[in-house]
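A.B. asks: So the sequence shown is numbered by my numbering: it starts at 52 and just counts up by one. Glycine included, C-beta positions come from ideal geometry on N, C-alpha and C. It should be emphasised that the depicted structure is a prediction, and the values quoted were computed from it without experimental measurement. Okay, here's the structure, questions in a sec.
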Amino acid sequence: MTQWDAVTVVGVGLIGGSIGLALQRRGLARRVIGVGRRESSLRRAQHLGVVTSTTTSLQTGVAQAELVVVATPVETVVQRVQEAASYCPQGTVITDAASTKQSIVEAIECSACSDSFVGSHPMAGSEKTGPEFAHHGLFEERLVVVTPTRKTPAQHTEVVERFWKSLGARTVRMNPAAHDEAVASASH
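Structural data, given as structure tokens:
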């Protein structure tokens with residue numbers, strides 16, 4: 052039932068690590084490549100089985116990816132998406148797991164990589180961080196908001212929705228501004 056040969060997860064903490072574990076547990080990806088900044092974190096993630104291989108080079112990590120998930124802190128998502136898009140094979144779809152969407156989507160839409168990116172936000176997580184807290188079932192029965200715009204290719208939106216559903220999540224489409232407003236209301 053493998054859907055992807057290679058999925059790259061940029062940021063292998065709780066969310067990224069849980070994505071890696073779920074992909075492997077469900078047999079959805081032959082390879083799950085973890086990209087991070089620190090060798091020590093990447094070694095720990097690979098030792099825990101969160102990913103099948105690791106690298107600190109984003110260029111190397113996405114070179115064969117069919118799908119890239121950026122699971123880094125909000126303030127680094129735009130840069131990581133733009134950088135990944137410049138190294139990915141043509142046709143690779145990129146999504147993220149950030150909790151805010153409008154500023155991220157607007158910044159990416161103004162760049163050359165806008166046709167490969169579909170924003171998403173899994174409503175899952177924990178107060179704990181790091182790959183040691185990753186869990187293969189983190190997304191089961193959880194909601195993931197997918198935030199395409201008028202510029203987003205429909206087939207890429209479908210890939211991202213299929214990806215999250217394959218991890219056991221439910222998806223809903225929402226425009227980025229409405230997402231941020233809804234999350235802000237719920238948070239308060």
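Do the CB positions of residue 212 and residue 222 come within less than 7 angstroms of each other?
C.D. replies: A contact, by the Cβ cut-off of 7 angstroms.
A.B. asks: Out of 147, 119, 231, which has the shortest C-alpha to C-alpha gap to residue 57?
C.D. replies: If we check each option's Cα against that of residue 57, 119 comes out closest.
A.B. asks: What does DSSP give as the partner residues of residue 55 in its beta bridges?
C.D. replies: Residue 55 pairs with 80.
A.B. asks: For residue 118, report the span of its beta strand (DSSP E) as first-last.
C.D. replies: From DSSP, the beta strand (DSSP E) with residue 118 extends over 118-121.
A.B. asks: Do you know offhand how far residue 174's Cα is from residue 155's?
C.D. replies: Taking the straight line joining both Cα atoms gives about 17 angstroms.
A.B. asks: Whose CA, out of 135, 186, 202, lies closest to the CA of residue 157?
C.D. replies: Comparing Cα positions, the closest option is 202.
A.B. asks: If you follow the beta strand (DSSP E) that residue 93 is in, where does it begin and where does it stop?
C.D. replies: It is not in any beta strand (DSSP E) - residue 93 instead sits in the alpha helix (DSSP H) that spans 90-98.
A.B. asks: So is residue 140 buried or exposed if we call it buried at 16+ other beta carbons inside 10 Å?
C.D. replies: Residue 140 is exposed by the Cβ-count criterion.
A.B. asks: I'd like the span of the beta strand (DSSP E) that includes residue 172, first residue to last.
C.D. replies: It spans 168-173 - the beta strand (DSSP E) in which residue 172 sits, taken as one unbroken run.
A.B. asks: Less than 8 angstroms between the CB atoms is what I'm expecting for residue 144 and residue 169, so what's the real figure, rounded?
C.D. replies: Confirmed, about 7 angstroms.
A.B. asks: For residue 74, tell me which candidate among 167, 224, 124, 185 has the shortest Cα-Cα distance.
C.D. replies: Out of 167, 224, 124, 185, 185 has the C-alpha closest to the C-alpha of residue 74.
A.B. asks: At 4 residues or longer, what runs of the alpha helix (DSSP H) sit wholly inside the stretch 191-219?
C.D. replies: You should have 205-217.
A.B. asks: Do the CB positions of residue 85 and residue 96 come within less than 7 angstroms of each other?
C.D. replies: Taking 7 angstroms as the Cβ cut-off, residue 85 and residue 96 qualify as a contacting pair.
A.B. asks: Which residues mark the beginning and the end of the alpha helix (DSSP H) in which residue 107 is found?
C.D. replies: Note, residue 107: premise wrong, no alpha helix (DSSP H); not H, not E.
A.B. asks: Can you grab the Cα-Cα spacing for the pair residue 159 / residue 59, in whole Å?
C.D. replies: Roughly 19 angstroms separates the two Cα atoms.
A.B. asks: How big is the Cα-Cα spacing for residue 54 and residue 126?
C.D. replies: Cα to Cα, the separation comes out at about 30 angstroms.
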